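S.K.: Quick one: the structure is below, and I'll ask about it shortly.
There are 2 protein chains.
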Amino acid sequence: MENIVNKIRGFNRFYTRIIGVVNNHILESRYSLSEVRVMYEIYHNPKITARQIKEIIQVDEGYLSRLIKKLVTLNIVNKIKSQDDHRISYLKLTENGEKIFLNLNQRSSDAISEIIQHLNKGEQEELILLYKKIEILLTKKGNQNAD
Amino acid sequence: MENIVNKIRGFNRFYTRIIGVVNNHILESRYSLSEVRVMYEIYHNPKITARQIKEIIQVDEGYLSRLIKKLVTLNIVNKIKSQDDHRISYLKLTENGEKIFLNLNQRSSDAISEIIQHLNKGEQEELILLYKKIEILLTKKGNQNAD
DNA sequence: AATAAATACTTGCCTATAGCAAGTATTTAT
DNA sequence: ATAAATACTTGCTATAGGCAAGTATTTATT
Numbered sequence: 000m001e002n003i004v005n006k007i008r009g010f011n012r013f014y015t016r017i018i019g020v021v022n023n024h025i026l027e028s029r030y031s032l033s034e035v036r037v038m039y040e041i042y043h044n045p046k047i048t049a050r051q052i053k054e055i056i057q058v059d060e061g062y063l064s065r066l067i068k069k070l071v072t073l074n075i076v077n078k079i080k081s082q083d084d085h086r087i088s089y090l091k092l093t094e095n096g097e098k099i100f101l102n103l104n105q106r107s108s109d110a111i112s113e114i115i116q117h118l119n120k121g122e123q124e125e126l127i128l129l130y131k132k133i134e135i136l137l138t139k140k141g142n143q144n145a146d
Numbered sequence: 000m001e002n003i004v005n006k007i008r009g010f011n012r013f014y015t016r017i018i019g020v021v022n023n024h025i026l027e028s029r030y031s032l033s034e035v036r037v038m039y040e041i042y043h044n045p046k047i048t049a050r051q052i053k054e055i056i057q058v059d060e061g062y063l064s065r066l067i068k069k070l071v072t073l074n075i076v077n078k079i080k081s082q083d084d085h086r087i088s089y090l091k092l093t094e095n096g097e098k099i100f101l102n103l104n105q106r107s108s109d110a111i112s113e114i115i116q117h118l119n120k121g122e123q124e125e126l127i128l129l130y131k132k133i134e135i136l137l138t139k140k141g142n143q144n145a146d
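So the sequence lines, in the order shown, correspond to chains A and B.
Going by numbering that gives the first Met the number 0, the first residue of the first sequence is number 0, and it counts up by one from there.
Going by numbering that gives the first Met the number 0, the first residue of the second sequence is number 0, and it counts up by one from there.
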């Protein structure tokens with residue numbers, strides 16, 4: 000068991016570097032990782048609320064409030080006050096914000112393409128399968144027969 | 000290709016959360032992730048230098064200098080000036096520092112044990128194999144036949 | 001040997017990131 | 001009508017981390 004844990008920790012160190020490489024272009028951009036994650040959530044879920052983002056990315060709500068305010072002043076995000084509930088604003092990317100996000104997004108994809116480009120089609124598909132199996136194992140719910 | 004990249008990005012989001020869970024106890028401790036990474040490198044490589052740590056964990060050397068100074072005042076690290084080269088100090092954990100590091104280390108291991116505890120022996124070994132294959136694929140050097 | 005260049009580290013200064021707690025506005029429950 | 005809950009904001013603060021200049025020492029150049 001200890002041996003297995005150590006191997007996983009070794010992989011985690013390895014994979015932390017991979018993720019670092021992939022995120023590097025964001026750190027070199029004008030935006031922070033948190034800002035891009037917020038853009039990501041808004042892009043993939045238009046009319047999301049600050050509260051929902053907070054829950055998804057687990058960030059301090061004070062910090063998030065200021066972060067969104069900044070994105071609004073940068074003309075990246077629009078806040079649209081709900082008619083039903085005046086406490087809430089729905090968030091969406093502006094046209095400009097969408098451009099900026101999609102550009103960053105493309106560069107994330109490019110960074111990954113870079114990493115897997117030298118693999119042939121079969122290897123790439125094997126990789127995806129491996130990832131999928133890991134995700135399944137790690138999200139598998141416990142059962143009585145575990146040992 | 001795009002599809003494959005998207006799947007990898009999905010895995011990366013998933014795995015970023017896993018790593019976050021594993022690191023959570025450190026964020027709840029008295030020490031920062033960087034401090035613990037530094038302790039980790041010193042523990043695994045006694046008489047390492049600041050320069051070497053900088054290269055391994057890619058951190059600003061000014062920040063690192065102060066970080067090490069803090070660990071020294073906390074009686075976690077000792078600096079031992081090299082006799083040959085007076086610019087250099089070799090770093091080692093104090094007895095106290097080793098205790099603190101090993102405790103944090105154990106808790107990292109515990110967090111991982113937690114995640115895989117409900118898997119049976121066979122599944123755990125499968126997991127390790129999957130990790131290993133991924134690491135091999137991702138570190139594989141490119142070749143002409145790639146496609 | 002004297003001077004220049006490189007290396008290892010330190011320090012000063014500054015900004016971004018993020019956390020906590022109290023506060024405001026609005027809605028929902030009692 | 002009042003209290004409690006929700007959604008968000010604001011004030012205050014601490015920490016993380018970056019950049020550039022500075023110090024001490026060693027190595028290379030002439």
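Glycine is no exception: its CB is placed at the ideal position from the N, C-alpha and C atoms.
Fair warning: this is a prediction, and the values are worked out from it, not measured in the lab.
Under DSSP, the beta strand (DSSP E) around A/Asn77 begins and ends at which residues?
M.R.: Val76 to Lys80 is the span of the beta strand (DSSP E), which, as asked, contains A/Asn77.
S.K.: Hey, does B/Ala53 have any beta-carbon neighbour from chain A nearer than 7 Å?
M.R.: Correcting the residue identity first, residue 53 of chain B is Lys in this sequence and not Ala. No, B/Lys53 does not count as interfacial toward chain A.
S.K.: Measure the C-alpha to C-alpha separation of A/Asn44 and A/Val37 and round it to an integer number of angstroms.
M.R.: Rounded to the nearest angstrom, the two C-alpha atoms are 10 Å apart.
S.K.: Mind pulling the alpha helix (DSSP H) runs of 4 or more residues that sit fully within the region 30 to 115 of chain B?
M.R.: The qualifying runs are 32 to 43, 49 to 56, 60 to 72 and 94 to 115.
S.K.: Which residues mark the beginning and the end of the alpha helix (DSSP H) in which B/His24 is found?
M.R.: B/His24 -> alpha helix (DSSP H) spans Glu1 to Leu26.
S.K.: Out of B/Glu134, B/Ile47 and B/Ile7, which one is the CA nearest neighbour of A/Glu134?
M.R.: Of the candidates B/Glu134, B/Ile47 and B/Ile7, the one whose C-alpha sits nearest the C-alpha of A/Glu134 is B/Ile7.
S.K.: Going by DSSP in three states, B/Leu118 sits in which element: helix, strand or coil?
M.R.: Correct three-state label for B/Leu118: coil.
S.K.: Please look up how many angstroms separate the CB atoms of B/Leu126 and B/Ser28, rounded, as I've assumed it's under 8 Å.
M.R.: About 27 Å separates the two Cβ atoms, so there is no contact after all.
S.K.: Assign A/Ile52 to buried or exposed, taking buried as 16 or more other Cβ atoms, counted over all protein chains shown, within 10 Å of its Cβ.
M.R.: Buried, since its Cβ has 16 or more Cβ neighbours within 10 Å.
S.K.: Could you say if the region 116 to 131 of chain B and the region 62 to 71 of chain B meet the contact criterion of at least three C-beta pairs nearer than 8 Å?
M.R.: Contact fails: fewer than three Cβ-Cβ distances are below 8 Å.
S.K.: Would you report the Cα separation of B/Ile25 and B/Ile99, rounded to the nearest angstrom?
M.R.: If you take the alpha carbons of B/Ile25 and B/Ile99, they lie about 11 Å apart.
S.K.: Identify which residue in B/Ile18, B/Lys120, B/Val4 and B/Ala49 has its Cα closest to the Cα of B/Asn77.
M.R.: The residue with the shortest Cα to Cα distance from B/Asn77 is B/Ala49.
S.K.: Would you call B/Phe123 buried or exposed, if buried means 16 or more other Cβ atoms sit within 10 Å of its Cβ?
M.R.: One detail in the question is off: residue 123 of chain B reads as Gln in this sequence, not Phe. Result: buried.
S.K.: Grab me the residues of B/Gly96's own chain with a C-beta within less than 6 Å of its C-beta, minus the 5 sequence neighbours each way, in chain order.
M.R.: Correct list, in chain order: Ile75 and Val76.
S.K.: Pull up the CB-CB distance for B/Ile153 and B/Glu40, whole angstroms please, since I reckon it's below 8 Å.
M.R.: The structure shown does not extend to residue 153 of chain B, since chain B is modelled only from 0 through 146, so no value can be given for it.
S.K.: Can you pull the chain A neighbours of B/Ile127, defined as C-beta to C-beta under 7 Å?
M.R.: Within chain A, the residues near B/Ile127 are Ile3 and Lys6.
S.K.: Under 6 Å Cβ to Cβ from B/Arg106, same chain only, skipping five residues before and after it: list those, please.
M.R.: Cβ within range, chain order: His24.
S.K.: In three-state terms, what does DSSP make of A/Lys132?
M.R.: In this structure, A/Lys132 counts as helix in the three-state DSSP scheme.
S.K.: Would a C-beta distance cut-off of 7 Å place A/Ile111 and B/Val4 closer than the cut-off?
M.R.: Contact flag set, yes.
S.K.: Does any CB atom of chain B fall closer than 7 Å to the CB of A/Tyr130?
M.R.: So yes, A/Tyr130 belongs to the interface.
S.K.: Figure out for me which residue from B/Gly9, B/Thr15 and B/Lys91 has the closest Cα to the Cα of B/Tyr42.
M.R.: For the residues B/Gly9, B/Thr15 and B/Lys91, the minimum Cα distance to B/Tyr42 belongs to B/Lys91.
S.K.: Note down, in chain order, every chain A residue with its Cβ under 8 Å from the Cβ of B/Thr15.
M.R.: Chain A residues near B/Thr15: Ile18.
S.K.: To the nearest angstrom, how far is it from the Cα of B/Ala145 to the Cα of A/Ser81?
M.R.: A caution first: B/Ala145 carries a pLDDT of 46, below 50, which makes its placement in the model too unreliable to give a value.
S.K.: Between the region 96 to 124 of chain A and chain B, which residues of the former have CB atoms less than 8 Å from a CB of the latter, in chain order?
M.R.: Listed by position along the chain: Ser107, Ser108, Ile111, Ser112, Ile114, Ile115, Gln116, His117, Leu118, Asn119, Lys120, Glu122, Gln123 and Glu124.
S.K.: Let me confirm a value: B/Leu118 is counted as buried when at least 16 other C-beta atoms fall within 10 Å, else exposed. Which label applies?
M.R.: The residue in question, B/Leu118, is buried, as its Cβ has 16 or more Cβ neighbours within 10 Å.
S.K.: Which whole-angstrom value is the C-beta distance of B/Glu34 and B/Leu70, which I expect to be below 8 Å?
M.R.: Right, the Cβ-Cβ distance comes to about 7 Å (below 8 Å), so this counts as a contact.
S.K.: For B/Lys139, tell me which candidate among A/Thr138, A/Lys140, A/Gln116 and A/Ser88 has the shortest Cα-Cα distance.
M.R.: The shortest Cα separation from B/Lys139 among A/Thr138, A/Lys140, A/Gln116 and A/Ser88 belongs to A/Gln116.
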